[in-house]
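See structure below.
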Amino acid sequence: MANHPTTPGARAHTYDAIVIGSGISGGWAAKELCEQGLKTLVLERGRDVKHAEDYPTALKHPWEFPHRGRLPEAVAKADPIVKRCYAYDESTAHFFVKDREHPYVQEKPFDWIRGYQVGGKSLIWARQTQRWSRFDFDGA
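Quick note, in our numbering, the sequence shown goes up one by one and the last residue is 141.
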């Protein structure tokens, strides 16, 4: 009887929608679902990043890093996919998933750049976004 769908415990843990990942897409999807009145659960595998305290390199100058902000060649060779990301360097490496620790099968070439933290890759945008024009939204 404890697992019956009509028990108070089951109702408390029943959701209209489940969103996997709290990055840009998942976060926006959860917002939209909640605004429509749906009971929404967001699952995130990464850690919660606390403002200021979990950004240990944010106020450092390039000359304060052992390699002046650049990645050592050994790290670049160990992580050949993530190193292709423009934002992956000595100051941001702690926000990226390491290829050697989380490999994936590629049937076709695909660069899967990942960040396991609340907010996903939205934390590794190098603090910039580009303004889009109407041409970005028009069909090809």
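Ideal Cβ positions, reconstructed from N, Cα and C, are used throughout, including at glycine.
Being a predicted model, the structure only gives us computed values, none of them experimental.
| Query | Result |
| --- | --- |
| Could you give the distance in angstroms between the alpha-carbon of Arg46 and the alpha-carbon of Gly22? | 7 angstroms |
| With a threshold of 8 angstroms, are at least 3 pairs of Cβ atoms found where one atom belongs to the stretch 117 to 132 and the other to the stretch 19 to 33? | yes |
| Between the alpha carbons of Ile19 and Thr41, how many angstroms are there, rounded? | 6 angstroms |
| Between the stretch 66 to 73 and the stretch 47 to 55, do three or more beta carbon pairs fall short of 8 angstroms? | no |
| How about Val76 and Ile114: do their beta carbons lie closer than 9 angstroms? | no |
| Roughly how far, in whole angstroms, is the beta-carbon of Asp100 from the beta-carbon of Asp80, given that I think they are within contact range, below 8 angstroms? | 4 angstroms |
| Check whether the stretch 27 to 40 touches the stretch 127 to 140, taking contact to mean three or more Cβ pairs, one atom from each stretch, closer than 8 angstroms. | no |
| If you count every other CB in all the chains shown that lies within 10 Å of the CB of Asp139, and 16 or more means buried, which is it? | exposed |
| Kindly indicate the opening and closing residues of the alpha helix (DSSP H) around Val76. | 74 to 79 |
| Determine the extent of the alpha helix (DSSP H) in which Ala94 is found, giving its start and end residues. | Segment: none, Ala94 is in no alpha helix (DSSP H) and carries neither H nor E. |
| Here's the rule I'm using: 16 or more other beta-carbon atoms within 10 Å means buried, otherwise exposed. How should Val106 be labelled? | exposed |
| Who are Val20's beta bridge partners in DSSP? | Val43 |
| How long is the line joining the alpha carbons of Pro110 and Pro104, rounded to whole angstroms? | 13 angstroms |
| If I follow the unbroken alpha helix (DSSP H) through Pro63, where does it start and stop? | From DSSP, Pro63 is part of no alpha helix (DSSP H); its letter is neither H nor E. |
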